[in-house]
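Which chain is which? The protein sequence lines are A and B, in order.
Here our numbering is used: the first sequence runs in plain steps of one and ends on residue 112.
Here our numbering is used: the second sequence runs in plain steps of one and ends on residue 224.
Built from N, CA and C at the ideal position, the CB exists for glycine as well.
Since the model is a prediction, treat every value here as computed from it, not as a measurement.
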Amino acid sequence: EAGVAQSPRYKIIEKRQSVAFWCNPISGHATLYWYQQILGQGPKLLIQFQNNGVVDDSQLPKDRFSAERLKGVDSTLKIQPAKLEDSAVYLCASSLRTGEQYFGPGTRLTVT
Amino acid sequence: AQSVTQPDIHITVSEGASLELRCNYSYGATPYLFWYVQSPGQGLQLLLKYFSGDTLVQGIKGFEAEFKRSQSSFNLRKPSVHWSDAAEYFCAVGANNNDMRFGAGTRLTVKP
C-alpha cells in the first residue's frame, strides 16, 4: 500500500514570495490533515478536511494561508505572501474517518 | 483548552536500559491519547493509542504506555532500548482524530 506522498520535499523562497505544497493521501482515506511543524516544536494542525469539506481550520492563518482539496483526493496548501516565521516542515496526513493518521515525509520550507 | 506537556526535551539512555518518557495532558472531556515517533527526515509513525478500557496499552516496537486519569498522564515506557529507538517522540491528545494537539517532543539519544 502506497503511503502519503508530498512534494516538493524541500523549498527555499524569499519572504513575500508565494509557495504551494501538494499532498496525495492514501487511497480511500476520507480525512486529510495539514500540519505545521516549526523546529523544536510539535506539529500544529492547520486544517482538516473530510472528503472535500473543511472540518477544522481554526489555526490556519487565513490572511496568507489557503488550502483546497478538490474532488476529495489530492490537496494543496498555499502561502502567499510568505514570512520568515513560516519556515517549518509542512506535514500532510490522512486517515479513514476514524483510526490512525498516516503521515507523509513532509516539505521543509525555508523562507529567507 | 486542551494541551500536552512533555517535560523532558532531551533524554539519553544506554542501549539495553529501560526508558520512560513523560506526558501530561489537559483536556475537557475523555481524551484520546497517542504516542508518535519521528525519525530524522521522516513523517510521524503511530506507536500506540488509548481510547478506553485497559489503561495499560501495548504498541509496536515493544513500547507500552499507561493512562493515569488521576495524574493526567500518559507515560511511554520500554523495558530495553535499542540503538534504533533513537528518534523524536511526540505525545498527542485529541477527540479521536479531531482536534489533535501535540506536545513539543522528547528527543531520545541512545548511547552504545
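Requested in this report: For A/Gln41, decide whether its Cβ has a neighbour in chain B, counting only Cβ atoms nearer than 8 Å.
Outcome: Reading the first sequence from its first residue, position 41 is the one you call residue 41 of chain A. Judged by the 8 Å Cβ criterion, A/Gln41 is in contact with chain B.
Requested in this report: Work out the CA separation of A/Gly3 and A/Glu68 for me, nearest whole Å.
Outcome: Your numbering for residue 68 of chain A matches position 68 in the first sequence. Your numbering for residue 3 of chain A matches position 3 in the first sequence. Roughly 20 Å separates the two Cα atoms.
**Report entry** Cutoff 8 Å: B/Thr216 Cβ touching any chain A Cβ
**Finding:** For the purposes of this step, residue 216 of chain B is taken as the residue at position 104 of the second sequence. According to the sequence provided, residue 216 of chain B is Ala. The question's Thr does not apply to it. Yes, because at least one Cβ of chain A sits closer than 8 Å to the Cβ of B/Ala216.
Report task. Please work out which residues of its chain come closer than 7 Å, Cβ to Cβ, to A/Ile38, disregarding the five sequence neighbours upstream and downstream, and give them in chain order. Result -> Locating residue 38 of chain A in the first sequence gives position 38, where the first residue counts as 1. If you ignore the 5 residues before and after A/Ile38, its C-beta comes within less than 7 Å of the C-beta of Ala88, all in its own chain and listed in chain order.
Report task. Measuring alpha carbon to alpha carbon, tell me which of B/Lys223, B/Pro224, B/Ala199 ends up nearest B/Gly217. Result -> Position 105 of the second sequence, counted from the first residue, corresponds to residue 217 of chain B. With distances taken between Cα atoms, B/Gly217 lies closest to B/Ala199.
**Report entry** Within 8 Å, strictly: CB atoms of B/Val205 and B/Val149
**Finding:** Counted from its first residue, the second sequence places residue 205 of chain B at position 93. Counted from its first residue, the second sequence places residue 149 of chain B at position 37. No Cβ-Cβ contact shorter than 8 Å links B/Val205 with B/Val149.
Query - C-alpha distance - A/Asn51 paired with A/Leu32, whole-angstrom precision - result: By 1-based counting over the first sequence, the position of residue 51 of chain A is 51. By 1-based counting over the first sequence, the position of residue 32 of chain A is 32. The alpha-carbon atoms of A/Asn51 and A/Leu32 are separated by roughly 8 Å.
Requested in this report: Report yes or no: is there a C-beta of chain A within less than 8 Å of the C-beta of B/Leu159?
Outcome: The residue given as residue 159 of chain B occupies position 47 in the second sequence. Output row for B/Leu159: interface = no.
Query raised in the report: Is any beta-carbon of chain B found at less than 8 Å from that of A/Pro25?
Result: As a first step, residue 25 of chain A must be located in the first sequence, where it is residue number 25. No - not a single Cβ of chain B is within 8 Å of the one on A/Pro25.
Requested in this report: List the residues that DSSP assigns as beta-bridge partners of B/Ser126.
Outcome: Locating residue 126 of chain B in the second sequence gives position 14, where the first residue counts as 1. DSSP output for B/Ser126 lists B/Lys223 as bridge partner(s).
Query raised in the report: Among A/Arg9, A/Lys44, A/Gly28, which one has its Cα closest to the Cα of A/Val19?
Result: For the purposes of this step, residue 19 of chain A is identified with residue 19 of the first sequence, where counting begins at 1. Cα-wise, what sits closest to A/Val19 is A/Arg9.
Query - For B/Ser151, the three-state DSSP class (helix, strand or coil) - result: Within the second sequence, residue 151 of chain B is the residue found at index 39, counting from 1. B/Ser151 falls in the coil class under three-state DSSP.
Requested in this report: Work out the CA separation of A/Gly40 and B/Leu188 for me, nearest whole Å.
Outcome: As a working note, residue 188 of chain B is residue 76 in the second sequence. As a working note, residue 40 of chain A is residue 40 in the first sequence. Approximately 20 Å between the Cα atoms of the pair.
Report task. Determine which residues of the segment 166–192 of chain B have a Cβ less than 9 Å from any Cβ of chain A, and write them out in chain order. Result -> none
Report task. Would you please state the rounded distance, in angstroms, between the beta carbons of A/Thr112 and A/Ile12? I believe it to be under 8 Å. Result -> Stepping through the first sequence from its first residue, residue 112 of chain A is reached at position 112. Stepping through the first sequence from its first residue, residue 12 of chain A is reached at position 12. Yes, they are in contact, since the Cβ atoms of A/Thr112 and A/Ile12 sit about 7 Å apart, within 8 Å.
Query - Limits of the beta strand (DSSP E) - the one that B/Glu132 falls within - result: Here the question's residue 132 of chain B lines up with position 20 in the second sequence. 131–133 is the span of the beta strand (DSSP E), which, as asked, contains B/Glu132.
Report task. Quick one: which residues of the segment 141–155 of chain B get their C-beta closer than 9 Å to a C-beta of chain A? List them in chain order. Result -> Listed in sequence order: Phe146, Tyr148, Gln150, Gly153, Gln154, Gly155.
Query - Contact list for A/Asp56 against chain B, beta-carbon separation under 9 Å - result: The sequence position of residue 56 of chain A within the first sequence is 56, counting from 1. Correct list: Asn210, Asp211.
**Report entry** Buried/exposed call for A/Trp34, threshold 16 Cβ in 10 Å
**Finding:** The sequence position of residue 34 of chain A within the first sequence is 34, counting from 1. Buried: at least 16 other Cβ atoms inside 10 Å.
Query raised in the report: Are there three or more Cβ pairs, one per stretch, closer than 8 Å when the segment 52–59 of chain A is compared with the segment 67–83 of chain A?
Result: yes
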